[in-house]
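S.K.: I'd like to ask you about the structure that follows.
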Amino acid sequence: MKFQLAINLERMDDSADMDVVAAHTLEMVQMAEAGGFTIAWAAEHHALEMTIAPNPFQILTWWAGHTDRIRLGTAVAVAAYWHPVNLAGEAAFLDLVSGGRLEFGIGAGWLAPEYASYGYSFPKPSERIAQLAEAVQLIRRMWTDPAPSFQGEYSRIENAYCDPPPLQNPAPPVWIGGEGDKILEVAARHADGFNSRWWPPERFARRIPELAEIRREAGLD
């Protein structure tokens, strides 16, 4: 059995100093590692008040320098906030400096006020999910091909490269987070794991056969 820790990087009250809160998150991760936890996850949020690290790769890189074994995951990076090339590079660097401990989580995004606050367009769910599916394919190509090319609806590259590449071979595990049938299908076809957010166990149990069937239809194990 694997035990995982998700840390919400926010102050519990307005009087708490950010450096105190940040130090406390590191303390929690170190305690989790000592206690046998397998993965520590950090989220990506730009517009939530009191957030101390909107870029999860920043806080995860910090944790990587003060831990040895616990794996480090994004739960989840938001595809719409990044060009896939930049996201591939951030993730690859974290995997390298952590000694190959990255669990790469990515999602389609859902918090409309956050998009508005930072000037991101907020397309309908089907388009955000299509952007996510395309981003995952491009990122995998960046990680595994020394001079990749990719032509999609939202992004294109021509003989690009990701240097340094991730340490894990062939690539870090990819998790897709979210809910709904379309997200489930993207996860089944393009990911190694699925982050069900706040699903109760019984709901997740009902969806497992659906995941399995989608993978069988796609010719996957």
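Take 107 as the starting number for the sequence shown in this note's numbering and just add one per residue. Heads up, the beta-carbon is just placed ideally off N, CA and C, and yes, glycines get one too. These numbers come from a predicted model, not from an experiment.
Report the rounded CA-to-CA distance for P272 versus P278, giving the unit in angstroms.
M.R.: What you label residue 272 is simply residue 166 of the sequence shown in a count that begins at 1. What you label residue 278 is simply residue 172 of the sequence shown in a count that begins at 1. Each residue's alpha carbon lies about 7 angstroms from the other.
S.K.: G48 lies in the beta strand (DSSP E); which residues open and close that run?
M.R.: An answer regarding residue 48 cannot be provided, because it is not within the stretch 107 to 327 covered by the chain.
S.K.: Since F310 is in the alpha helix (DSSP H), which residue starts that stretch and which ends it?
M.R.: Position 204 of the sequence shown, counted from the start, is the residue given in the question as residue 310. F310 -> alpha helix (DSSP H) spans 307-323.
S.K.: Using 8 angstroms for Cβ pairs, my map puts F228 next to A218. What's the rounded Cβ distance?
M.R.: Sequence index remark: in the sequence shown, residue 228 carries index 122 (1-based). Sequence index remark: in the sequence shown, residue 218 carries index 112 (1-based). That pair is a contact at about 5 angstroms.
S.K.: Tell me whether I263 is buried or exposed, calling it buried when 16 or more other Cβ atoms sit within 10 Å of its Cβ.
M.R.: Position 157 of the sequence shown, counted from the first residue, corresponds to residue 263. Buried, by the Cβ-count rule.
S.K.: Flag this pair as yes or no: are the beta carbons of M134 and G195 separated by less than 9 angstroms?
M.R.: For this step, residue 134 is matched to residue 28 along the sequence shown. For this step, residue 195 is matched to residue 89 along the sequence shown. Their beta carbons are not under 9 angstroms apart, which means M134 does not touch G195 by this criterion.
S.K.: Which residue or residues does DSSP assign as beta-bridge partners of L217?
M.R.: Working through the sequence shown from its first residue, we reach residue 217 at position 111. Paired residue(s): none; L217 is not in a bridge.
S.K.: Counting only the same chain and skipping the five closest in sequence on each side, list residues whose C-beta sits under 8 angstroms from that of E285.
M.R.: To locate residue 285, count along the sequence shown from 1; it is residue 179. Taken in chain order, the residues that qualify are S302, R303, W305.
S.K.: Looking only at its own chain, which residues have a Cβ that is under 6 angstroms from the Cβ of P190, when we skip the five neighbours before and after it?
M.R.: As a working note, residue 190 is residue 84 in the sequence shown. For P190, where only same-chain residues beyond five positions count, the Cβ hits under 6 angstroms are A241, L244, I245, S261.
S.K.: Distance, Cα to Cα, L326 vs Q274?
M.R.: Position 220 of the sequence shown, counting from 1, holds the residue named residue 326. Position 168 of the sequence shown, counting from 1, holds the residue named residue 274. C-alpha separation (whole angstroms): 21 angstroms.
S.K.: Is it buried or exposed for F256, if we count other Cβ within 10 angstroms and need 16 for buried?
M.R.: Within the sequence shown, the letter at position 150 stands for residue 256. The residue in question, F256, is buried, as its Cβ has 16 or more Cβ neighbours within 10 Å.
S.K.: Suppose you measure from the CA of D251 to the CA of F199; what does that come to, to the nearest Å?
M.R.: As a first step, residue 251 must be located in the sequence shown, where it is residue number 145. As a first step, residue 199 must be located in the sequence shown, where it is residue number 93. Roughly 16 angstroms separates the two Cα atoms.
S.K.: Between A297 and A128, what straight-line distance do the alpha-carbon atoms span, to the nearest angstrom?
M.R.: In the sequence shown, residue 297 corresponds to position 191, counting from 1. In the sequence shown, residue 128 corresponds to position 22, counting from 1. Rounded to whole angstroms, A297 to A128 spans 31 angstroms at the Cα level.
S.K.: Taking a contact to mean a Cβ-Cβ separation below 9 angstroms, would you say A236 touches R295 in this structure?
M.R.: Residue mapping note: residue 236 aligns to position 130 of the sequence shown, counting from 1. Residue mapping note: residue 295 aligns to position 189 of the sequence shown, counting from 1. Result no, Cβ atoms of A236 and R295 do not sit closer than 9 angstroms.
S.K.: Give me whichever residues DSSP pairs with I282 in a beta bridge.
M.R.: Position 176 of the sequence shown, counted from the start, is the residue given in the question as residue 282. Beta-bridge pairing links I282 to I212, F300.
S.K.: So T180 is in the beta strand (DSSP E); what residue range does that whole segment cover?
M.R.: Numbered from its first residue, the sequence shown carries residue 180 at position 74. Per DSSP, T180 belongs to the beta strand (DSSP E) from 177-180.
S.K.: Leaving out five residues before and five after C268 in sequence, what residues of the same chain have Cβ atoms less than 7 angstroms from its Cβ?
M.R.: Residue mapping note: residue 268 aligns to position 162 of the sequence shown, counting from 1. Around C268: A194, G195, A198, M248, W249.
S.K.: Using alpha carbons as the reference points, say which of A311, F143, L317, F163 lies closest to I212.
M.R.: Position 106 of the sequence shown, counted from the first residue, corresponds to residue 212. Here the closest residue by C-alpha is F163.
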